[in-house]
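So the structure is just underneath, and the comments pick up after that.
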Amino acid sequence: MHARLVRSAAVAVAAAGTLTWAPAASAQPSEPTPSASAATAETPAPDAGSVEITAKDAAGDVLPDAAFLLLNSTGQEAGRGKTDAQGKLTFPNLTPGVYRLKETASGSPLHEVVTDQDVIVTPGATTRLTITDPFKAAKVLLQAKDDKTGKLLPGATVNIGSGDKSLLTLTTGSEGTASGELPVSSRKAQFWVKEIKAPAGYDLYKPTKTFTAGPGAPVTVTVTNAKTATDPKPDPSDKPTHKPTPTPSTPGKPSSGTGGATPSPSGSDTPDPDSSTLAATSVGDSTPKAPTGSLAHTGADATPWLIGGAAALIAAGGGALALARRSRTDSPTDDSTES
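Count the sequence shown with mature numbering (1 follows the signal peptide of the UniProt record, and there is no 0) and you get residues -27 to -1, 1 to 312, in order.
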């Protein structure tokens, strides 16, 4: 149709006697021609680079649907996306420079996201990164109980760990419980718990217990303690009473109560008959008399007193014998006189 209009216009011009050239652009299609800038955007720059990401967990399993955001050096978004079934994501056609990579979601309820990191893009090269998402920590609840009554006990301290490494230390509070987060490195991990301090008045729980825990899952750990055995305190009323046993007195030993007695001094060294008779009648008295002017004596110096008492007895016996002989001699004489 456009060709016919052009010919008609040319015929009309020729008929008018005027020669005029009609622009050929009118015969071109009406669709716009792509601009040079659009062609440049579709064609990668010869020095452009790329970033390839592989997302995994601590056990080595790939993580699909992990979401990432890439920012350029000015903080503008340079790309975003999620990992595929193989855990991979690529950001192509990047101008060389330093970029900031952010993980916005792990794509799994068992995993945490990693912290932001810088990525360097070099001309004509692919920067490959392996992102390892950690497992979420297990929620641990510790309980310490009386092994008989089940009462919760404060003041119990335990270590929780795996292998030869301690990972968490907990101490029960006033309610007899404690809680904390236990880092895990697999979907199902085994741990041990050992009590290092017992509650007041209880024995230490010596066995080492084991338990399993998973990422982000709650787990309860319980240790039981037995009361410390104590010996009953003796009743003062049950104590035996020791009474001193009186020591039998020894004949001839002076007692402490009479040791201070002082006999009257004798005026003559020769025994008087009356004094001899008095000595004879007092033979039964086993307590010797202390000489005049002497100090009180105790049982410790009884030997001299025994010797003196024996001499007195001998003298008294001699005097009594002399009196008996004299009385026998005097008796016949009296009878003969009377007859």
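Note that beta-carbon positions come from the ideal geometry of N, C-alpha and C, so glycine has one too.
Since the structure is predicted, the reported quantities are computational estimates derived from the model, not experimental observations.
Work out the CA separation of residue j and residue i for me, nearest whole Å.
{"i": "residue 50", "j": "residue 72", "result": "10 Å"}
{"i": "residue 120", "j": "residue 200", "result": "8 Å"}
{"i": "residue 45", "j": "residue 70", "result": "8 Å"}
{"i": "residue 108", "j": "residue 60", "result": "16 Å"}
{"i": "residue 191", "j": "residue 184", "result": "12 Å"}
{"i": "residue 198", "j": "residue 181", "result": "13 Å"}
{"i": "residue 124", "j": "residue 186", "result": "25 Å"}
{"i": "residue 62", "j": "residue 157", "result": "27 Å"}
{"i": "residue 166", "j": "residue 203", "result": "28 Å"}
{"i": "residue 66", "j": "residue 54", "result": "15 Å"}
{"i": "residue 153", "j": "residue 74", "result": "31 Å"}
{"i": "residue 131", "j": "residue 172", "result": "11 Å"}
{"i": "residue 163", "j": "residue 118", "result": "23 Å"}
{"i": "residue 33", "j": "residue 174", "result": "48 Å"}
{"i": "residue 145", "j": "residue 135", "result": "21 Å"}
{"i": "residue 194", "j": "residue 47", "result": "50 Å"}
{"i": "residue 83", "j": "residue 160", "result": "8 Å"}
{"i": "residue 103", "j": "residue 28", "result": "6 Å"}
{"i": "residue 126", "j": "residue 115", "result": "11 Å"}
{"i": "residue 24", "j": "residue 52", "result": "10 Å"}
{"i": "residue 31", "j": "residue 87", "result": "12 Å"}
{"i": "residue 111", "j": "residue 155", "result": "5 Å"}
{"i": "residue 178", "j": "residue 85", "result": "35 Å"}
{"i": "residue 56", "j": "residue 68", "result": "22 Å"}
{"i": "residue 10", "j": "residue 22", "result": "Bear in mind that a pLDDT of 38 at residue 10, under 50, signals an unreliable position, so the number given afterwards is only what the model happens to contain. Computed Cα separation, rounded: 20 Å."}
{"i": "residue 58", "j": "residue 43", "result": "20 Å"}
{"i": "residue 78", "j": "residue 38", "result": "8 Å"}
{"i": "residue 95", "j": "residue 138", "result": "42 Å"}
{"i": "residue 170", "j": "residue 122", "result": "20 Å"}
{"i": "residue 176", "j": "residue 196", "result": "12 Å"}
{"i": "residue -14", "j": "residue 20", "result": "At residue -14, the pLDDT of 40 sits below 50, so the modelled position is not reliable; the number obtained from the coordinates is stated separately. Going by the C-alpha atoms only, they are around 59 Å apart."}
Apply the 10 Å Cβ neighbour rule to residue i and answer buried if 16 or more other Cβ atoms are within range, or exposed otherwise.
{"i": "residue 133", "result": "buried"}
{"i": "residue 148", "result": "exposed"}
{"i": "residue 64", "result": "buried"}
{"i": "residue 188", "result": "buried"}
{"i": "residue 26", "result": "buried"}
{"i": "residue 284", "result": "exposed"}
{"i": "residue 289", "result": "buried"}
{"i": "residue 234", "result": "Any reading at residue 234 is ruled out, since the residue's pLDDT is 44, under 50, leaving its predicted position unreliable."}
Strictly by DSSP, which residues pair up with residue i?
{"i": "residue 137", "result": "Residue 137 is not bridged to any residue."}
{"i": "residue 74", "result": "43, 90"}
{"i": "residue 63", "result": "25"}
{"i": "residue 55", "result": "40"}
{"i": "residue 168", "result": "131"}
{"i": "residue 182", "result": "166"}
{"i": "residue 315", "result": "Within the shown structure, residues of the chain are numbered from -27 to 312, placing residue 315 beyond reach of any answer."}
{"i": "residue 191", "result": "112"}
{"i": "residue 50", "result": "44"}
{"i": "residue 34", "result": "Partner(s): none; residue 34 has no beta bridge."}
Could you check how far apart the C-beta atoms of residue i and residue j are, in whole angstroms? I think they sit under 8 Å.
{"i": "residue 40", "j": "residue 97", "result": "Not confirmed; about 28 Å, so no contact."}
{"i": "residue 92", "j": "residue 100", "result": "6 Å"}
{"i": "residue 36", "j": "residue 106", "result": "6 Å"}
{"i": "residue 129", "j": "residue 168", "result": "6 Å"}
{"i": "residue 143", "j": "residue 151", "result": "4 Å"}
Report task. Would you list, in sequence order, the uninterrupted beta strand (DSSP E) runs of no fewer than 3 residues that lie entirely inside the region 94 to 154? Result -> 99 to 106, 111 to 119, 130 to 135, 138 to 144
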